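Heads up, the sequence shown is in this note's numbering, so the first residue is 7 and it goes up one at a time. Cβ coordinates follow ideal geometry from the N, Cα and C atoms, glycine included. Since we're looking at a predicted model, the values are computed, not measured. Input: a single structure, listed below in structure tokens.
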Amino acid sequence: MIQYLTTHPWKIVEEGFQPRHHRSSESIFSIGNGRFGQRANHEETYTGPTLQGSYVAGIYYPDKTRVGWWKNGYPEYFAKVLNSINWIGIRVWIDGEELDLAVCSTNNFRRELDMQKGLLVRSFDVTTISGKQARIESIRFCSMADYETAVIRYSVTPLNFDGAIRFTPYLDGDVHNHDSNYDEKFWEPVSSDTTPGGGSVVCRTKKTAFEVAASMQLDVLLDGASQSVSYAEFSRDFYSENNLEIEVKTNQTTQLMKYVGLVSSLNYSTAELKSAAERAALRAKTFGFDKMMSAQVEAWSNIWEMADIQIVGDDEAQQAIRFNIFHLNQTYTGEDSRLNIGPKGFTGEKYGGSTYWDTEAYCIPFYMSTKNQEVARQLLVYRHNQLGKAIENAEKLGFSNGAALYPMVTMNGEECHNEWEITFEEIHRNGAIAYAIHNYIRYTDDHSYLAEYGIDVLTGIARFWAQRVHWSEAKGMYVMHGVTGPNEYENNVNNNWYTSYIARWCMRYAMETLAYVKHHDAQAYTTKTTALKFNEAAEIKQWQHIIDNLFLGKKEGSNIFLQQDGFLDKELRSASSLNQAERPINQHWSWDRILRSCFIKQADVLQGIYFFEEDFDMETIRENFDYYEPMTVHESSLSPCVHSILAAKLGYEEKAYEMYMRTSRLDLDDYNHEAHEGLHITSMAGTWMSIVQGFGGMRVENGELTFNPMLPKKWKGFSFKVMFRGEVKTLKVGEV
Ligand code: BGC
């Protein structure tokens, strides 16, 4: 754990500039509005270690896969979320000396993420090398009220001198991705220009030909009054800047307003793009900083009205849940069906903005309960839109007859992971996609989804599983070889219990869905099954035979489901026997040692028990939890939340709380030493689940919402709201 941030119920605060944590802070204090997002890089020049990141939703680059020896089935490319035009840049000179926090010394540094209002605020006193002192404050936000705009108010107050403050606000598209496989740059210039007090840059991605345009409009104030200043403009490919200087006396404050418009070719034709960005920047300037800020506060207040979770008596827990909810809302607003939720959202490059099984397994419940039901439906339709590619993907691997294998990592439906050994065999993702449909229908009662879309996806998935298993003469049963379960610390295993269990469930659910549609909408059934070339008698017979005869391992004389063949032959030891200095093991052990060990990265058998808990009695759940949790190192962000929910169900209050703190403060306290790479956005939805389904005990039973709350000892009370079938339900537990 790395703890350097101050606890506050609505804010994340860093006091005192800590360069060694700066890259983590850049992730933690990121801001966004669903359309674009920005790491908390400094606006002014910073020559210390930094990961520049400005990301635009849906804009990616297919970076050619880097691999030693090519194997068939390897994806052609890994889709990179793109670092795009730097719109925050403002170089600042204090009476001739450039402000750079790696060079100048600071006092009273405070960086604050105001989650209630959606603002990033930074303030500090700086002393230049020659001893000039000035007070700096910057406030910036990506507007939640107007998704195409952002604004920065950058203030400088000389403290011990009268002199010139020079600002060079700029837009810079000549940026690179840290994770570029071949050190290539991904952008080419389209246009750049400047006007006095304004400027624009348009760039195009190589290969994918997406375009992004940024435009700025400036205003300069002295003690609150707008000044007319002379601007010196400069532009070149990728780049546009304005230079201006203003004489300021001791204790007078000058402010530079940088109003920004940022749009992409996802929403405009390339011919209109530049003017759309210019219009957005002008719109922001005309509106003005104060009104933009009021609109921002109001937009966030509306989000919090529905999404907030209150925890009384434990500020660390309170701060953490709001941090998770805040980032989820900044990442995905549910307005655009082409978008999805990337594991790192707009906060870093690794895993980036691609879609993983995380969406279906973790994020759907959050969006389903805190937003209008359409948002969750849209997330399901996203996968329906990509069904053709999932079928192609399966065909490339030798499957046929409309079998669909959804990608583990995708931007447009194509598989684009970067790590064959692990990701290729994680076919369990197909199960989560089917499970999400079931979860959605159970929650919303929107059965129309099945005939319209669900039937296609479920049939494709069931066909895949039916072809993926094979008959074992030795066992007289079907088996499934060569898979990787959710626990990525085992690769290429046979009979992973989770994968086989969900595969069997998918075939059963597909059969139920087909029967449901046949019964309720015979015409849709005929149309769909004809299009699917569904051979009802033969396929159903085959699925049923597999359902009845699929091997699922169990430890003899117990209720423990075997994670995979051979698991019991490992040296079984508990994670608590590991030396702290060896953790996280993925940063200290060789990969081969990890694979041979019994240590479990994330819920695997327990993921299955969590999904299908109604299939198991309490004793079975307890036995499996008691067996597997001690061997789990929780080195995937997706792990602690599932354990927290199960622990709450089992009445393990302390464990549930420990796991809640771990999931909710994973990035704030940097448990896995990786916050500098970006935040774990998708697991934040798991954090929400650990309160709502864990401590709140919320379930849907026979079409009704039920609650079975547990109040952690440290809390006086908690409350949350969920939207269920058009009605808002509130749960209050204890003193709230
Ligand atoms: C986890 C996967 C997950 C991915 C993206 C990995 O560390 O093991 O289950 O899909 O991160 O969040």
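Check, Outcome
"Got a sec, what are the start and stop residues for the beta strand (DSSP E) A85 sits in?", "83–87"
"Grouping DSSP H, G and I as helix and E and B as strand, with all else coil, what is M7?", "coil"
"Determine the DSSP secondary structure at Y368, reduced to helix, strand or coil.", "helix"
"Looking at the unbroken beta strand (DSSP E) that takes in Q223, where does it start and where does it end?", "217–228"
"Between the C-alpha atoms of A609 and E304, what's the straight-line distance to the nearest angstrom?", "39 Å"
"Within the same chain, show all residues whose beta-carbon is closer than 7 Å to that of S31, passing over the 5 residues directly before and after it, in chain order.", "E20, A46, R117"
"Could you tell me the alpha carbon to alpha carbon distance between E251 and E217, rounded to whole angstroms?", "33 Å"
"Any idea if D189 is buried or exposed, counting beta-carbon neighbours within 10 angstroms, 16 or more meaning buried?", "exposed"
"Identify the residues that DSSP records as bridge partners of P164: which are they?", "A140"
"Classify T201 as helix, strand or coil using the three-state DSSP reduction.", "strand"
"Under 7 Å: does the beta carbon of P81 sit that close to some heavy atom of ligand 3?", "Ligands present in the displayed structure are limited to ligand 1, and ligand 3 is not among them."
"Anyone know if the C-beta pair for M513 and I461 falls short of 8 Å?", "no"
"Just checking, does the stretch 196–203 make contact with the stretch 73–90 on the three C-beta pairs under 8 Å criterion?", "no"
"Do R29 and H682 count as a contact pair if the criterion is CB distance below 8 Å?", "yes"
"Take the Cβ of T339 as the centre, count every other Cβ of all protein chains shown within 10 Å, and call the residue buried at 16 or more, exposed below.", "buried"
"With a 10 Å radius around its C-beta and 16 neighbouring C-beta atoms as the bar for buried, classify R474 as buried or exposed.", "buried"
"Considering only residues of the stretch 651–734, which uninterrupted beta strand (DSSP E) runs meet the minimum length of 3 residues and lie entirely inside it, listed in chain order?", "705–707, 710–712, 723–730"
"In this structure, what does DSSP give as the bridge partners for L107?", "DSSP output for L107 lists no bridge partner at all."
"If we require 4 or more residues per run, which alpha helix (DSSP H) segments fall completely within the stretch 22–86?", "28–34"
"DSSP beta-bridge partners for P175?", "I96"
"Assign Q302 to one of two classes, buried (16 or more other C-beta atoms within 10 Å of its C-beta) or exposed (fewer than that).", "buried"
"Identify which residue in I315, A277, A220, G22 has its Cα closest to the Cα of V269.", "A220"
"To which residues of the same chain is K560 closer than 8 Å at the C-beta, ignoring the five residues directly before and after it?", "I566, F567, L568"
"Quick one: is the Cβ of Q608 within less than 7 Å of any heavy atom of ligand 1?", "yes"
"Which partner residues does H551 have in the DSSP bridge list?", "Answer by DSSP bridge pairing: none, since H551 is not bridged."
"If I measure Cβ to Cβ from L711 and keep anything under 8 Å in the same chain, skipping five residues before and after, which residues do I get?", "M704, R705, V728, F730, K735"
"Run the proximity test for P590: is its beta-carbon closer than 7 Å to any non-hydrogen atom belonging to ligand 1?", "no"
"With a threshold of 16 other CB atoms inside 10 Å of the CB of F618, please say whether the residue is buried or exposed.", "exposed"
"Based on the DSSP secondary-structure assignment, which residues constitute the bridge partners of E535?", "Per the sequence shown, the amino acid found at residue 535 is Thr instead of Glu. According to DSSP, T535 bridges with nothing at all."
"Taking S161 and Q261 to be in contact with their CB atoms under 8 Å, please state how far apart those CB atoms are, rounded to whole angstroms.", "5 Å"
"How about N330 and W721: do their beta carbons lie closer than 8 Å?", "no"
"Pick from N78, F240, I94, S149: whose alpha carbon is nearest that of Y52?", "I94"
"Hey, out of M374, G348, T211, whose CA is closest to M417's CA?", "G348"
"For K264, report the span of its beta strand (DSSP E) as first-last.", "260–270"
"Tell me whether C604 sits in a helix, a strand or coil according to DSSP, three-state version.", "coil"
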